[in-house]
Amino acid sequence: MELIKDGKRLDGRKPDELRPIKIEAGPLHRADGSCYLEWGGNKIIAAVYGPKEAIPRHIQNPTRAVINAKYNMASFSVGDRKRPGPDRRSREISKITSEALENVILTEMFPRAMIDVNIEVLDADAGTRCAGITAAAVALADAGIPMEDIPVACAAGKVGDTVVLDLMGEEDQEGQADVPLAIAPRTENILLLQMDGHLTVEEFDRALELAMNGCQQIATMQREALMKKYQSFEED
Amino acid sequence: MERKIVIPGMQVGTTEQHKQGRGTFREGDKIFANRLGILEERSGYLNVISLSGVYDPVQGDTVIGVIEDVSKMSWLVDINAPYPALLRVDEVPWRVEYGETAKYLNIGAVVVVNVAFINEARNIEVSMKGNHCKKVEEGIIVDIQPSKVPRVIGKNGSMVSLLREHTGCWIFVGQNGRVWIKGDDDKMSLLVEAIHKIEREAHTPGLTSKIEAFLKGERD
Amino acid sequence: MNISSIKKDYLYRLAKQGKRPDGRATSEYRPITIERGVVNMAEGSAMVSIGNTTVLAGIKMDLGEPYPDTPNKGALSTAAELIPLASPDFESGPPRENAIELARVVDRGIRESGTINLEELCIEPGEKVWVVFIDIHILDYDGNLFDACSLAASAALLDAQIPNERFEMGENRPLPVQDPPISCTFVKYNGTIVVDPSLEEDEVAEARYTVAVDKNGDIRAMQKGLSGSFTVDEIRQSIATARQMAPTIRKILEG
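Chains as they are written, first to last, in my numbering: chain A, -7 to 228; chain B, 478 to 697; chain C, -9 to 245.
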């Protein structure tokens, strides 16, 4: 299969183009903050509960809040049904997601507390961990959690010997490298960075540049989604 | 200043022109919002008033709490904040002997209290000795999002007066998102629906007239 | 007087007058919306909301061996996940008894109505059959999971295609599904029985009763839950109410 032909990818995109993304802030009623996000074929829902007292007590940190992010894929979200429950991949993603979010959350404002972030992948199409962090960030803002910035994530990779932005399903499976990136868009500080595959240093630089750029575009969409929900606030 | 919606990381001012208030943080000489909310300026301070999220206790707030634990000389009160608050025996209107605490307030008891003290470690203490403070013995408690409390009260209490007038119910709005109402069951039912309607439609214009129409039984 | 008794007493007083906290009649459902085909990766899917309760069901199919006692039939397996995002009271971890009972009751309704023609899912008797997995995720919990999950499972089945293409067995075709059951759930508190409990009503419920009715008004499954009791008359009355409500709900399901 030719992943790139005449400068166009399998889904018609150019190498530096993002898939269509749709973000909705606050769709859930019970959660303190939530976000529903569609990204290409991905459908993700994120919910935040907290800050609340950290229990059991042994997980409490006396000087700051503990961020508990859990990434999970629904059984029906993938081609071959996934058995319910966390597997090693979800646990790793949960850990690096918690760490990315922790960086920007003003955790010292809530010693001994915890903030639960639940990310559920309902429909998967490559790039779910980036979509998950992006959705979680909006849910955190929606929940009024104090943060220095709204984190955003996006991946770049290499397919058909070309460095491209935002891999889709087949590109992820057949491609030569995958570089997920999460940043705090205001400062461009890197909060999450992984890589697997084979890239020269120049190719990696290009991938990083593309992913950074992608992140900034998505950061604008996150802000719009939040403003849209609260824009019509008026006092009469 | 116009009411402006701000989000975390948005710059809202500089240290030359403003003082840093609630909901903001500073980097160098720039002041940024640290949460989603409405930017307001008060006495030279830039504050971001939260539009969502859990209750963030402020000293002086009057809130409705629920006793969650009883000790020999104190109680722990759930005030809908990330932390329970401490209520000491010397901060209640009764003279309580050592070990007799449960006789006055047992687990699940509902009380109106003032937030007396919060320190940097987020230890919160409440007191039952202020105005309005009492034990809730009748009526019902309605839970709303704390950020919607100003909407239920209204400018100069306009909304809460409207609610009282049209339902004949007694209403007390706790700053922590718990509302205590007393009245006939049918009226309380109508009032509960009105309160939830205010919550749902808090961001829409003309809310006061809509609620008035609803209470009068007119259709939207 | 404590916080839980305050709420309970109020609901009890309203119940004595045949009233409910949100103003509904005792046999009134909240608005029901059903959207099919929401998950591309699934063989079938549906999102259902009853009031503010929202659940999502996905169907996945795989090839497997039949059960030894039914060599000519495909297999069906139903699971429900009370994921923590749906409620501050849901914890992460393997399904506990609530989720297990929920899944088994939904499964029973579908199985006993013969909704899926399991014989048509047999590929090689005794050797190879299609296995249908129904996975239900609760997204927003505001009462009455039994009916929301049952509707979502049924709607997802109606949306499902046998994934022949993925297994290189020819073209995809619709899963043979007909006449799913309609489940109606009632709770009892202070001697009053109400249908489609909201969250508050679920919290004060002393006893719960679910009955699944087919298109002819016959009964296919039942489940009584919680530690309170029902009288025979109360059960009969509930069955009558369910048979009365089912056709309207069925119309929404069949779209």
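Using N, Cα and C, we set each Cβ at its ideal position, and we do this for glycine too. Because the structure is a prediction, the values reported are computed rather than measured.
1) List, in chain order, every chain B residue whose beta-carbon is nearer than 8 Å to that of K44 (chain A).
2) Pairs of beta-carbons, one from the segment 165 to 177 of chain A and one from the segment 509 to 521 of chain B, closer than 8 Å: are there three or more?
3) Just to confirm, is the Cβ distance from G505 (chain B) to I482 (chain B) under 9 Å?
4) Return the CA-CA distance between A199 (chain A) and V167 (chain C), expressed in angstroms with no decimal places.
5) Suppose the cutoff is 8 Å on Cβ atoms and the five residues either side in sequence are ignored; what does the same chain contact list for E191 (chain C) look like?
6) Hey, how far is the Cα of R565 (chain B) from the Cα of M550 (chain B)?
7) How big is the Cα-Cα spacing for N64 (chain A) and L72 (chain C)?
8) Whose C-beta lies closer than 7 Å to the C-beta of A128 (chain A) among residues of the same chain, with five residues either side of it excluded?
9) Compare the beta carbon distance of A47 (chain C) and A143 (chain C) with 9 Å and say whether it is the shorter of the two.
10) On a Cα-Cα basis, can you pick out the residue from B:E642, B:V543 and B:V637 that is closest to K693 (chain B)?
11) How would you label H190 (chain A), buried or exposed, when you count the other beta carbons within 10 angstroms and need 16 or more for buried?
12) Which residues in chain C have a C-beta closer than 9 Å to the C-beta of S69 (chain A)? List them in chain order.
13) Could you check if S548 (chain B) is buried or exposed, using at least 16 other CB atoms within 10 Å of its CB as the buried criterion?
14) List the whole-angstrom C-beta distance separating L157 (chain A) from G206 (chain A), where the pair is believed to meet the contact cut-off of C-beta under 8 Å.
15) Of all the options A:I36, A:G25 and A:E(-6), which has the alpha carbon lying nearest to the alpha carbon of A116 (chain A)?
16) Can you tell me whether DSSP reads A32 (chain C) as helix, strand or coil?
17) Is there a Cβ of chain A sitting closer than 9 Å to that of G598 (chain B), yes or no?
18) Report yes if the CB atom of M37 (chain C) is closer than 9 Å to the CB atom of L129 (chain C), and no otherwise.
19) Once DSSP output is grouped into helix, strand and coil, what is the label at E227 (chain A)?
20) Report buried or exposed for G486 (chain B), applying the criterion of at least 16 other Cβ atoms within 10 angstroms of its Cβ.
21) For the alpha helix (DSSP H) containing V626 (chain B), list its first residue and its last residue.
22) From K14 (chain A) to A690 (chain B), what distance separates their C-alpha atoms?
23) Going by DSSP, name the residue or residues bridged to C174 (chain C).
24) Does R11 (chain A) come out as helix, strand or coil in the three-state DSSP assignment?
25) From the DSSP output, in three-state form, read off E689 (chain B) for me.
26) Please state the DSSP three-state secondary structure of P237 (chain C).
27) Using a Cβ-Cβ cut-off of 9 Å, state whether L2 (chain A) counts as contacting chain C.
28) How far does the beta strand (DSSP E) with V96 (chain A) in it reach, from first residue to last?
29) Quick one: is the Cβ of L92 (chain C) within less than 8 Å of any heavy atom of the ligand FAD?
30) Going straight from the alpha carbon of F594 (chain B) to that of Q209 (chain A), what length do you get?
31) Residue ranges of each beta strand (DSSP E) run of no fewer than 3 residues wholly in the segment 547 to 601 of chain B, ordered along the chain?
32) At least one CB of chain B closer than 9 Å to the CB of K9 (chain C): is that the case?
33) Excluding the five sequence neighbours on either side, which residues of its own chain have a C-beta within less than 6 Å of the C-beta of V96 (chain C), listed in chain order?
34) Any C-beta of chain C sitting closer than 9 Å to the C-beta of V489 (chain B)?
35) Which residues of the segment 147 to 165 of chain C have a Cβ closer than 8 Å to any Cβ of chain A? Give them in chain order.
36) Would you say A211 (chain A) and I142 (chain A) are within 9 Å of each other, going by their C-beta atoms?
According to the data block:
1) V531 and P559
2) no
3) no
4) 48 Å
5) L1, R10, P11, G133, V177, Y179 and V184
6) 6 Å
7) 13 Å
8) A38, A61, T89, L93, V109 and I111
9) yes
10) B:E642
11) exposed
12) V29, M31, A32 and G48
13) exposed
14) 5 Å
15) A:I36
16) coil
17) It should be noted that the sequence gives Ala, not Gly, for residue 598 (chain B). Output row for A598 (chain B): interface = yes.
18) yes
19) Low per-residue confidence applies at E227 (chain A): pLDDT is 48, beneath 50, and the placement is therefore not dependable enough to give any value.
20) buried
21) V626 to I630
22) 36 Å
23) C:V201
24) coil
25) helix
26) helix
27) no
28) Per DSSP, V96 (chain A) belongs to no beta strand (DSSP E); it is in the alpha helix (DSSP H), R80 to V96.
29) Ligands are entirely absent from the displayed structure, and the ligand FAD is therefore not among its contents.
30) 44 Å
31) 551 to 555, 562 to 565 and 587 to 595
32) yes
33) T68, C139, S140 and A143
34) no
35) R156
36) yes
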